[in-house]
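S.K.: In this text, residue positions in the sequence shown follow my numbering: the first is 206, and each later residue adds one. Handing you this structure, nothing more for now.
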Amino acid sequence: MSKLTKAEEEAQKNETVLRTTELDPKFKYEISKLPGAEKVNVCFQCGTCTADCPIARFDDFYRPRKLIRMTQLGLKERLLSDDVIWLCSTCFTCIDHCPQDVGIASIVRALRNLTVAHGHMPAGYVAQVSNILKTGYAYIISDMRLKKRQQKGLPPPPKANLKNIAKLFDITGFSKALEKVET
Ligand code: SF4
Ligand code: SF4
Numbered sequence: 206m207s208k209l210t211k212a213e214e215e216a217q218k219n220e221t222v223l224r225t226t227e228l229d230p231k232f233k234y235e236i237s238k239l240p241g242a243e244k245v246n247v248c249f250q251c252g253t254c255t256a257d258c259p260i261a262r263f264d265d266f267y268r269p270r271k272l273i274r275m276t277q278l279g280l281k282e283r284l285l286s287d288d289v290i291w292l293c294s295t296c297f298t299c300i301d302h303c304p305q306d307v308g309i310a311s312i313v314r315a316l317r318n319l320t321v322a323h324g325h326m327p328a329g330y331v332a333q334v335s336n337i338l339k340t341g342y343a344y345i346i347s348d349m350r351l352k353k354r355q356q357k358g359l360p361p362p363p364k365a366n367l368k369n370i371a372k373l374f375d376i377t378g379f380s381k382a383l384e385k386v387e388t
């Protein structure tokens, strides 16, 4: 591969330059085989999803339309190394409004699954997974909170069946995928 000039390096860092060597033409087919991502190739880039996405409203980088275009172009490495795909809140607003029924949230989920299969998951998610395995809850409920519940006459939160959670992790293949994740 030819060496990049300083200007090219800067442009690439800002994602303003595309090099043909970065494009994986098979990627859109790879993704479209994953459940929920079958319609990735029918997106015609109208931008409705981005206009209506609550995350795009508050984040300068998260643009669902752009994620779909990057997938169509085959920018696999950029997509799978970019933590921006973890910002989607799966609110499904884009799914309700897309004129092509593309199923963006499901495609983002497919991208995340692929990222995990490649051994990457943001630290915050790794911590949540570990909390779920230990307690059944994504966040550890502090003693202070439990005490406050008690003071207000509320019952303690239901106890999770940790055995079943572990079984679920195994059956879905998530436990195996987690073994590959670098922390
Ligand atoms: S709304 Fe649908 S067709 Fe329009 S850009 Fe988003 S995914 Fe593509
Ligand atoms: S599901 Fe994700 S991409 Fe779609 S509108 Fe909600 S936050 Fe945005």
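C-beta: ideal position from N, C-alpha, C; glycine also.
Could you give the C-beta distance for V307 and V245, rounded to a whole number, given that I count them as a contact under 8 Å?
M.R.: 7 Å
S.K.: Go through the region 304 to 361 residue by residue and report every complete run of the alpha helix (DSSP H) that reaches 4 residues or more, in order.
M.R.: 309 to 322, 328 to 340 and 348 to 356
S.K.: How far does the alpha helix (DSSP H) with E235 in it extend, from its first residue to its last?
M.R.: Run containing E235: F232 to S237, per the alpha helix (DSSP H) assignment.
S.K.: Assuming C248 contacts I273 under a Cβ cut-off of 8 Å, what Cβ separation, rounded to an integer in Å, is found between them?
M.R.: 5 Å
S.K.: What do you reckon, are the CB atoms on I337 and I370 nearer than 8 Å?
M.R.: yes
S.K.: Compute the Euclidean distance between the alpha carbons of C303 and T377, then round it to the nearest angstrom.
M.R.: 30 Å
S.K.: Buried or exposed: G329, going by 16 or more other Cβ atoms within 10 Å of its Cβ?
M.R.: exposed
S.K.: Apart from the five residues just before and just after M326, which ones in its own chain have a Cβ nearer than 6 Å to its Cβ?
M.R.: Within the same chain, Cβ atoms closer than 6 Å to the Cβ of M326 are found at V386, the five residues on either side in sequence being excluded.
S.K.: Sorted by chain position, which residues of the same chain lie with C-beta nearer than 6 Å to D229's C-beta, five sequence neighbours on each side aside?
M.R.: For D229, where only same-chain residues beyond five positions count, the Cβ hits under 6 Å are G279 and K281.
S.K.: Which of helix, strand or coil does DSSP assign to E243?
M.R.: coil
S.K.: Below 8 Å on the Cβ atoms is my contact criterion, and I expect C299 with A310 to pass it. Report the Cβ-Cβ distance as a whole number of Å.
M.R.: 6 Å
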